[in-house]
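Before any comments, here is the structure.
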Amino acid sequence: MNNSIEKKILLSAPHMSGNELKYIEKAFDDNFIVPLGPNVDAFENNMIQYLQEDRCYAVAMSSGTAAIHIALRLLEVKPGEEIFCASSTFIATANPIMYEKAIPVFIDSEEESWNLCPKALLKAIEDKKKTGKIPRILLAVDLFGTSAKYDEIAKICNENNIQLIADAAESLGATYKNKKCGTFGRFGIFSFNGNKIITTSGGGMLITHNKEEAQHAIKLITQARENAPYYLHKEVGFNYRMSNVCAGIGLGQLEVLQDRVAARRLHFENYKKKLASTPLIFNDNDTEDTKSNRWLSTALINPKSKYQPSDLLKYLADHNIEGRHVWKPLHSQPLFSNNEFYKVSDESISEKIFNHGICLPSCSSMTVDEHDRVTKVILSFFEQ
46 MNNSIEKKIL
56 LSAPHMSGNE
66 LKYIEKAFDD
76 NFIVPLGPNV
86 DAFENNMIQY
96 LQEDRCYAVA
106 MSSGTAAIHI
116 ALRLLEVKPG
126 EEIFCASSTF
136 IATANPIMYE
146 KAIPVFIDSE
156 EESWNLCPKA
166 LLKAIEDKKK
176 TGKIPRILLA
186 VDLFGTSAKY
196 DEIAKICNEN
206 NIQLIADAAE
216 SLGATYKNKK
226 CGTFGRFGIF
236 SFNGNKIITT
246 SGGGMLITHN
256 KEEAQHAIKL
266 ITQARENAPY
276 YLHKEVGFNY
286 RMSNVCAGIG
296 LGQLEVLQDR
306 VAARRLHFEN
316 YKKKLASTPL
326 IFNDNDTEDT
336 KSNRWLSTAL
346 INPKSKYQPS
356 DLLKYLADHN
366 IEGRHVWKPL
376 HSQPLFSNNE
386 FYKVSDESIS
396 EKIFNHGICL
406 PSCSSMTVDE
416 HDRVTKVILS
426 FFEQ
């Protein structure tokens with residue numbers, strides 16, 4: 046068969062349920078084609094109900110990046126201020142730090158979850174104590190849908206007066222100790238980008254446990270307009286509000302979230318079973334405490350083998366299948382070449398994950414036949 050004419054299998058494509066249309070059509074019927082409205086209110090309220098968290102407030106925004114930026118604004122970040130940040134993540138976690146002209150200080154991963162290493166964080170804190178100024182904010186990340194170790198991380202933050210922002214952009218639908226990801230720390234962050242487990246086309250959400258902070262966030266994302274009979278502004282604002290149309294997509298998507306999680310978890314289990322004979326070491330990090338949403342099925346190629354992620358990715362691409370490297374650690378990016386990075390030992394775990402890691406197609410809409418096609422191509426690669 047000529048692989049070039051086979052349907053391309055994507056890494057993580059949007060998966061519409063059909064439920065979205067009724068909310069979108071209502072927005073059109075009511076002419077609510079604006080960055081606010083009943084769909085936005087309902088999406089925020091439905092998210093709060095899903096999270097099942099006391100004193101929880103949700104603010105829908107134009108992106109997860111915007112939500113991180115507003116969290117930093119609410120914490121009154123100053124230029125030149127240092128902020129702890131996970132290194133193994135997409136750059137959107139760190140970019141808002143740069144927006145505020147603050148300085149990311151990067152923390153390595155730990156092997157079990159691939160997320161921020163509590164021991165490396167402690168090492169960074171002890172080093173910063175020597176300067177007499179410990180960063181007062183930490184941006185932790187739930188990588189590829191698996192929760193960070195929030196008991197350990199939160200304990201360290203509480204003991205050192207550090208405000209925790211939990212970047213759950215990739216982990217909606219995942220849990221840690223029966224609590225939903227996105228509810229940990231001072232602020233939680235969600236992303237509804239097109240490749241996420243549910244989407245609003247583009248969008249994000251800030252989660253806070255303080256009503257006044259939520260109200261201030263809404264003000265900031267609507268150009269910081271004061272309550273006055275004319276346009277009055279006392280602080281810098283942003284155009285970050287989610288549109289009523291996009292929120293309609295989110296309402297329909299949220300209704301099928303559990304189905305999407307179940308589908309992606311099944312893909313992961315099938316990969317693990319069917320590819321057990323290969324050098325792939327799957328990131329099987331579910332524990333009694335943690336249930337991943339398996340946003341992306343990820344694995345390491347055994348470092349002792351002769352195979353490289355780039356070769357497997359090219360082979361997949363030649364067969365019209367999209368794979369991807371895992372995130373290149375931020376401390377190794379040219380943009381952050383002068384930033385500090387803390388690890389526990391000589392070996393950087395985040396660099397090891399990048400050097401040997403791979404993301405496999407994980408669309409919740411992927412069929413059994415498509416999954417079989419992916420696994421057969423991978424098996425043929427390792428049989429060469």
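Taking my numbering, the leading residue of the sequence shown gets 46, the next gets one more, and so forth. For every residue, glycine included, the Cβ atom is placed at its ideal position computed from N, Cα and C.
Just mark D417 as buried or exposed, buried being the case when its beta carbon has 16 or more other beta carbons within 10 Å. Note on D417: under 16 other CB atoms within 10 angstroms of its CB, so exposed under the neighbour-count rule.
Verify whether the separation of the beta carbon atoms of P124 and A139 is less than 7 Å. Not closer than 7 Å, so no.
Whose C-beta lies closer than 8 Å to the C-beta of E300 among residues of the same chain, with five residues either side of it excluded? Close CB contacts of E300 within its chain, under the 8 Å cut and outside five residues either way in sequence, are with S62 and N64 (chain order).
Could you pull the start and end residues of the beta strand (DSSP E) that C404 belongs to? It spans G402 to L405 - the beta strand (DSSP E) in which C404 sits, taken as one unbroken run.
Considering only their Cβ atoms, is the gap separating F386 from H376 smaller than 7 Å? F386 sits close to H376, with the two beta carbons spaced by under 7 Å.
Beta-bridge pairing of E127 - partner residues as DSSP gives them: DSSP output for E127 lists I148 as bridge partner(s).
Between which residues of its own chain and R310 is the CB-CB distance below 6 Å, once the five residues before and five after are set aside? For R310, where only same-chain residues beyond five positions count, the Cβ hits under 6 Å are R339.
Could you please give the first and the last residue of the uninterrupted alpha helix (DSSP H) stretch that includes S342? Not the alpha helix (DSSP H): S342 falls in the beta strand (DSSP E), residues S342 to I346.
In terms of DSSP beta bridges, what is R369 paired with? According to DSSP, R369 bridges with C404.
Which two residues bound the contiguous beta strand (DSSP E) that contains Q94? Per DSSP, Q94 lies in no beta strand (DSSP E) segment; the continuous alpha helix (DSSP H) that holds it begins and ends at P83 to L96.
In chain order, which continuous runs of the alpha helix (DSSP H) of length 4 or greater are located wholly inside the stretch 178 to 256? Secondary structure within the stretch 178 to 256: the alpha helix (DSSP H) runs of 4 or more consecutive residues, fully enclosed, are 195 to 204 (chain order).
Using a 10 Å radius around the Cβ and a threshold of 16 neighbouring Cβ atoms, would you call A7 buried or exposed? The first residue shown for the chain is 46 and the last is 429, placing residue 7 beyond what the model contains.
Skipping 5 residues on each side, what residues in its chain have a beta carbon closer than 7 Å to that of A213? Closer than 7 Å at Cβ, skipping near neighbours: D187, C226, G227, G233, I234 and F235.
Which value, in whole angstroms, describes the spacing of the CA atoms of L217 and S337? Cα-Cα distance, rounded: 9 Å.
Quick one: residues in its chain with C-beta nearer than 7 Å to the C-beta of A87, no 5 flanking neighbours on either side, listed in chain order? If we look at A87 and ignore the five residues flanking it on each side, its Cβ neighbours are L296.
What are the start and end residues of each continuous beta strand (DSSP E) run of 3 or more residues lying completely inside the stretch 259 to 333, in chain order? When DSSP assignments are scanned along the stretch 259 to 333, the uninterrupted stretches of beta strand (DSSP E) that are 3 or more residues long and fall wholly within it turn out to be 325 to 327.
A58 - containing beta strand (DSSP E), residue span: Element bounds for A58: n/a, residue is neither H nor E.
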